[in-house]
Amino acid sequence: MKAGTRPLAAFLMLGLQAALPARDTDPPASLYHLDAALTDQAGKAQGLDVYRGHPVLVTMFYASCKATCPLIVDTLRATEQKLTPAQRGQLRVLMVSLDPERDTPQALQRLAAERRIDTARWTLLRGDADAVRDIAALLNVQYRKLPSGEFSHSTVIALLSPEGEMLASSGTLGAADPALLAKVPR
Amino acid sequence: MMLRLLTLMALGAAAHAAPGVSAPLPARAHVPGATFATVLPPAAGQKEVTVAAFDIDRAPVTNADFARFVAAHPEWRRDRVARVFADAGYLRHWPDAKGPAAASANQPVTQVSWFAARAYCQAQHARLPTWYEWELVGAAGSNVADARNDPAWRQQILDWYARPASAPLPDAGRGPANYYGIRDLHGVVWEWVLDLGSMMVSGDNREQGDPDVKKFCGAGALSLEQKDNYAMLMRIATLSSMQASYSSSSMGFRCAADPVKP
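Taken in order, these protein sequences are the chains called A and B.
Take the first sequence: its position 141, counting from 1, is numbered 141 in this note's numbering, and each next residue is one higher.
Take the second sequence: its position 257, counting from 1, is numbered 1257 in this note's numbering, and each next residue is one higher.
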């Protein structure tokens, strides 16, 4: 599951933090041990550690969802708004699709445009069914594809440390969760 | 040395050959596709699901099997595994990180997380069975594909579950073969399924009725059917209480695969 490791400190110092493979130096509980092949809204290959080095909010969603999913973006925004400017400057957001069949990079790009998502700080990701299963398992997201093609899924917003450890996890929607806010690094 | 020798002997033995059968059977049984009534309806008002043909291990994966995997994939040793994929109980029952005690070599492996079970099956070019695949073969009696309405069959399963958990596990593959030639689906260990995260009866949604629409996007939490099918409901309750990194002394697994096209 874990990819081979390479010395990457030099790359990190240069700030090239995208899609680096998991490293032996990651803490044992880091989600970045997962070697998931993902693609972002621009069609670029990424790992789950797109924003290694930053605190990250991670959630799972699907772009065609009309019910709860728009609320997820609202909740992520509400969470950002409650942070100090310094925290907000550091925080990044990952939205991982549960629907790899329909959520092509183009569909993710469209959603990003519709919701005016700043893709410099937020990334929308898709992976294959195996990657979705692994990430859902790590985040404890329950999901099921319905015969209609829609998904029934639990909503989880997880906060990861710069090294990928889960600092908090929230099922609150519609407003920032104070318990999660309290864990955002200062 | 003794342990190693015994392990090798166990590995060399014909995989899960049925007692009294001279020619060893393939390790996986073929299960034709089927439509059946499920305890986990795929959607409101829909009680049947259709499962495509698949192959599935005739017996649960053993400690010896898993030791061989760990030797080939040392990142899954209990002293090397990333904690995010396996909790502190992972393979705790082995006397050392390399393998089991000789006496337990042929018992179903337990104390393995979903992530580890999944990685084992992937290493065999296979996968975990889905819940519906498991439920389909788990419904079989010895002579019929669906024995779920047979009171004697139900009672047999409940009797198995009534055995004390402290009793040592029997060797894998010793239980009676079911209609498909699959053994030990009931009465030995619980088994991981691929779609663990689809049980949809998490702690917050165990109550029937009124699904929490704020927590669940889409159609809401599923409700369960066949409420008198206690054995299956117990299995779902057990699976839904497990997270993917958890390990348990009563949770094992077997692998499945899409059938090889002739």
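Note that CB positions come from ideal geometry on N, CA and C, so glycine has one too.
Quick caveat, the model's predicted, so the values are computed rather than measured.
{"query": "At which residues does the alpha helix (DSSP H) containing B:Asp-1065 begin and terminate?", "result": "1063-1072"}
{"query": "Are the C-beta atoms of A:Ala-136 and some chain B residue less than 9 angstroms apart?", "result": "yes"}
{"query": "The alpha helix (DSSP H) that contains A:Phe-61, what's its start and end?", "result": "From DSSP, A:Phe-61 is part of no alpha helix (DSSP H) but of the beta strand (DSSP E) over 56-61."}
{"query": "So with CB distances below 8 angstroms, who are the chain B contacts of A:Tyr-143?", "result": "Gly-1197 and Ser-1198"}
{"query": "Have a look at A:Ala-86 and B:Asp-1065 and give me their C-alpha separation to the nearest angstrom.", "result": "52 angstroms"}
{"query": "Looking only at its own chain, which residues have a Cβ that is under 7 angstroms from the Cβ of B:Tyr-1266, when we skip the five neighbours before and after it?", "result": "Any answer about residue 1266 of chain B is impossible in this case: the structure gives chain B only from 1001 up to 1262."}
{"query": "Under 8 angstroms by Cβ, that's how I've got A:Ala-158 and A:Ser-169 pegged, so tell me the actual separation to the nearest angstrom.", "result": "5 angstroms"}
{"query": "Check the Cβ-Cβ distances between A:Arg-133 and every residue of chain B, and say whether any is below 9 angstroms.", "result": "yes"}
{"query": "Show which residues of chain A have a CB atom less than 7 angstroms away from the CB atom of B:Gln-1124.", "result": "Neighbours of B:Gln-1124 on chain A: none; closest Cβ ~15 angstroms, over 7 angstroms."}
{"query": "Measuring CB atoms only, is the region 1106-1118 of chain B touching the region 1245-1252 of chain B, in the sense that at least three cross pairs come out at less than 8 angstroms?", "result": "yes"}
{"query": "Out of curiosity, what's the CA-to-CA distance linking B:Ser-1241 and B:Arg-1163?", "result": "21 angstroms"}
{"query": "Identify the residues that DSSP records as bridge partners of B:Pro-1108: which are they?", "result": "B:Thr-1062"}
{"query": "Looking only at its chain, what residues have a beta carbon closer than 7 angstroms to the beta carbon of B:Val-1188, apart from the 5 residues adjacent to it on each side?", "result": "Pro-1060, Pro-1108, Leu-1169, Pro-1170 and Gly-1175"}
{"query": "Against B:Arg-1092, what residues of chain A qualify as contacts under a CB-to-CB distance less than 7 angstroms, listed in chain order?", "result": "Ordered by position in chain A, no residue passes the 7 angstroms Cβ test against B:Arg-1092, which lies about 16 angstroms from the chain."}
{"query": "For B:Ala-1123, name the three-state secondary structure that DSSP assigns.", "result": "helix"}
{"query": "Please name the residue, chosen from A:Val-141, A:Glu-165 and A:Gln-90, that lies closest to A:Thr-155 on a Cα-to-Cα basis.", "result": "A:Val-141"}
{"query": "Once DSSP output is grouped into helix, strand and coil, what is the label at B:Met-1272?", "result": "In the structure displayed, chain B extends from 1001 to 1262; residue 1272 of chain B sits before or after that span and is not available."}
{"query": "Quick one, are the C-beta atoms of B:Ala-1102 and A:Leu-146 less than 9 angstroms apart?", "result": "no"}
{"query": "Look at the Cβ atom of A:Thr-59, then the Cβ atom of A:Arg-126, and state whether they are nearer than 9 angstroms.", "result": "no"}
{"query": "What span of residues does the alpha helix (DSSP H) with A:Thr-75 cover, start to end?", "result": "69-81"}
{"query": "Count the C-beta pairs between the region 1083-1093 of chain B and the region 1152-1162 of chain B that are closer than 8 angstroms, then say yes if the count reaches three, no if not.", "result": "no"}
{"query": "Going by the beta-carbon positions, is the gap between B:Asp-1192 and B:Met-1234 smaller than 9 angstroms?", "result": "Strictly speaking, residue 1192 of chain B in this sequence is Trp, with Asp absent from that position. Going by C-beta atoms, B:Trp-1192 is not nearer than 9 angstroms to B:Met-1234."}
{"query": "Specify, as a first and last residue, the run of the alpha helix (DSSP H) that A:Leu-138 falls within.", "result": "129-139"}
{"query": "Below 7 angstroms between beta carbons is the criterion; list the residues of the region 23-56 of chain A that meet it against any residue of chain B, in chain order.", "result": "Pro-28, Ala-29, Ser-30, Leu-31 and His-33"}
{"query": "Return the bridge partner residues of A:Ile-157 from the DSSP annotation.", "result": "A:Thr-59 and A:Ser-170"}
{"query": "So is B:Pro-1074 in contact with chain A if we call contact Cβ pairs under 9 angstroms?", "result": "no"}
{"query": "Helix, strand or coil: which one does DSSP assign to B:Glu-1191?", "result": "strand"}
{"query": "Report the three-state DSSP secondary structure of A:Glu-150 (helix, strand or coil).", "result": "coil"}
{"query": "Apply the 10 Å Cβ neighbour rule to B:Glu-1075 and answer buried if 16 or more other Cβ atoms are within range, or exposed otherwise.", "result": "exposed"}
{"query": "Cβ closer than 7 angstroms: which chain A residues qualify as neighbours of B:Gln-1046?", "result": "Pro-147"}
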